[in-house]
Amino acid sequence: MTLQRAVAAEFIGTALLLAAVVGSGIMGERLSGGNVAIALLANAIATGAVLVALIASFMAVSGAHFNPLVTLAEVALRRCTGRKAMLYLLAQLAGAVAGVLAAHAMFDLPWLAASAHVRSGPHQWWSEVVASFGLLTVILNVAKHRPDAVPAAVGSYIAGAYWFTASTSFANPAVTLARSLTNTFAGIRPTDAPGFILSQLAGAALAFALFAWMERAPSCPTNASSHD
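Residue 59 in my numbering sits at position 42 of the sequence shown, and the numbers go up by one each step.
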């Protein structure tokens, strides 16, 4: 598969992901009658379901990263060159912004608007460390041992992490930056984005360190003859 097609897949996949995140947040808030729990449930289900479909669609084309954390992990594993990683990162960021634009257009909102949604403080940063650690742990381990299960595993994790983290699990620097450009349910103040991104990088680094350690550890024998 050519690099151009892979980069296009990263752009399109990330754009559709952000359209789902922002669009379902807007729809959920409009239809929930002020019930934030229902709005969040709608947002989580839609995002998780769309993520399953997108990963299944583009996994064979680009690896379906849609997330700078995944791309950086691939670089650390020496599966991705620096040039390819840079193109992926640019495609993910551009796609994320395009997805916000698409969602705003669907709901007749201004193209871009700085978010006023406050998401800051140690508990929020820690939530992003945990969310990103969990996401990368799932991706790295499932991709190695059960690659066919990656779409369902990642989509399920994200849907669940919306609910068990105080930050609603952004776990993606490109998503975080793009969500600072929407003053809707899914938004984050631009001034709060750097704290989230640093926390995400920390969580991803911890997940990578754990994965590297576990891969170095000797496996227990599973062959029955080993007990003879």
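Built from N, CA and C at the ideal position, the CB exists for glycine as well.
The model shown is predicted, which means the values in this text are computed figures rather than measured ones.
CB of residue i within 7 Å of CB of residue j, strictly
{"i": "Val117", "j": "Thr64", "result": "no"}
{"i": "Gly112", "j": "Phe181", "result": "no"}
{"i": "Ala266", "j": "Val114", "result": "Any property of residue 266 remains undetermined from this structure, which presents the chain solely from 18 to 245."}
{"i": "Leu34", "j": "Leu71", "result": "yes"}
{"i": "Ala36", "j": "Ala120", "result": "yes"}
{"i": "Ser132", "j": "Arg206", "result": "yes"}
{"i": "Leu157", "j": "Phe213", "result": "no"}
{"i": "Ser184", "j": "Gln217", "result": "no"}
{"i": "Ser197", "j": "Ala210", "result": "yes"}
{"i": "Ala26", "j": "Phe75", "result": "yes"}
{"i": "Phe225", "j": "Ala93", "result": "yes"}
Burial state of residue i, where buried means 16 or more other Cβ atoms lie within 10 Å
{"i": "His82", "result": "buried"}
{"i": "Gln21", "result": "exposed"}
{"i": "Glu91", "result": "buried"}
{"i": "Leu68", "result": "buried"}
{"i": "Pro190", "result": "buried"}
{"i": "Trp230", "result": "exposed"}
{"i": "Thr208", "result": "exposed"}
{"i": "Thr154", "result": "buried"}
{"i": "Gly30", "result": "buried"}
{"i": "Gly172", "result": "buried"}
{"i": "Val167", "result": "buried"}
{"i": "Ala23", "result": "buried"}
{"i": "Gly80", "result": "buried"}
{"i": "Thr88", "result": "buried"}
{"i": "Leu48", "result": "exposed"}
{"i": "Pro127", "result": "exposed"}
{"i": "Ala54", "result": "exposed"}
{"i": "Arg233", "result": "exposed"}
{"i": "Ala32", "result": "buried"}
{"i": "Gly204", "result": "buried"}
{"i": "Val135", "result": "exposed"}
{"i": "Pro85", "result": "buried"}
{"i": "Ala122", "result": "exposed"}
{"i": "Cys97", "result": "buried"}
Cβ-Cβ separation, residue j to residue i (assumed contact under 8 Å), whole Å
{"i": "Phe202", "j": "Ile43", "result": "6 Å"}
{"i": "Val192", "j": "Val38", "result": "7 Å"}
{"i": "Phe124", "j": "Gly40", "result": "7 Å"}
{"i": "Gly45", "j": "Ala148", "result": "That belief does not hold up - the Cβ atoms of Gly45 and Ala148 are roughly 20 Å apart, past 8 Å."}
{"i": "Gly151", "j": "Tyr174", "result": "6 Å"}
Below-7 Å beta-carbon distance, residue i vs any chain C residue
{"i": "Ser144", "result": "Looking for chain C here will not work: only one protein chain is present."}
>> I'd like the ranges of any alpha helix (DSSP H) spanning at least 4 consecutive residues and lying wholly in the stretch 101-173.
In response: 139-162
>> Ignoring anything shorter than 4 residues, give me the alpha helix (DSSP H) runs that lie fully in the stretch 46-108, in order along the chain.
In response: 53-79, 85-93
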